[in-house]
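Here the sequence shown stands for residues 27 to 151, where the numbers follow this note's numbering. Glycine included, every Cβ here is placed at the ideal spot set by N, Cα and C.
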Amino acid sequence: FHPARAHIGTMGVIDDTSLACTYAALILHDDGNAISAESIEKIVKAAGVTIPGFYPCMYEKALKDADVKEMLKGAMSGGGGGGGGGGGGGGAAPAAAAGGGGAPAAKAPEPEEEEEADMGFSLFD
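Put into structure tokens, the structure is as follows:
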């Protein structure tokens with residue numbers, strides 16, 4: 027941690043501390059070592075980063091029973107984000123599955139357009 031960097035950009039003291047501990051935990055995991063507070067402190071100190079003393083303990087407790095390999099797989103799978111879309115369009119599938127075949131599906135009525143209610147004022151007056 028460098029005090030001069032604490033106020034530059036969006037990275038702050040907490041971010042630098044979290045990154046240092048996270049990288050240390052990843053290094054330990056990658057080498058097949060146990061993720062302990064002492065090991066995290068040793069790596070962070072060797073990197074020349076100063077962190078509050080409670081962070082390594084916090085990381086050790088948080089990762090004690092965690093399957094880091096599975097956590098990394100989940101992070102790398104690209105899951106989450108996006109979502110939305112999809113749905114709709116499944117109308118004919120239930121009839122075909124039931125053996126209805128032949129008869130064309132009835133077209134769903136289009137929704138009616140709603141009229142704007144006059145509330146007695148305008149936002150643009």
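Whole-Å CB distance - residue i paired with residue j, under 8 Å assumed
{"i": "Pro82", "j": "Ile66", "result": "4 Å"}
CB of residue i within 7 Å of CB of residue j, strictly
{"i": "Val70", "j": "Ala101", "result": "no"}
{"i": "Leu54", "j": "Ile61", "result": "yes"}
Close-in-space but distant-in-sequence residues of the same chain around residue i (CB under 8 Å, 5 per side omitted)
{"i": "Asn59", "result": "Ser65"}
Through-space distance from residue j to residue i, alpha-carbon basis
{"i": "Lys95", "j": "Ala88", "result": "14 Å"}
{"i": "Asp41", "j": "Thr48", "result": "10 Å"}
{"i": "Lys133", "j": "Ser103", "result": "40 Å"}
{"i": "Met84", "j": "Leu45", "result": "13 Å"}
{"i": "Asp57", "j": "Glu86", "result": "16 Å"}
{"i": "Ala63", "j": "Lys90", "result": "10 Å"}
{"i": "Met97", "j": "Thr43", "result": "20 Å"}
{"i": "Ala73", "j": "Phe80", "result": "18 Å"}
{"i": "Lys68", "j": "Ala92", "result": "21 Å"}
Residue i: CB within 6 Å of a non-hydrogen atom of the ligand PLP
{"i": "Ile66", "result": "Ligands displayed in this structure: none; no statement on the ligand PLP is therefore possible."}
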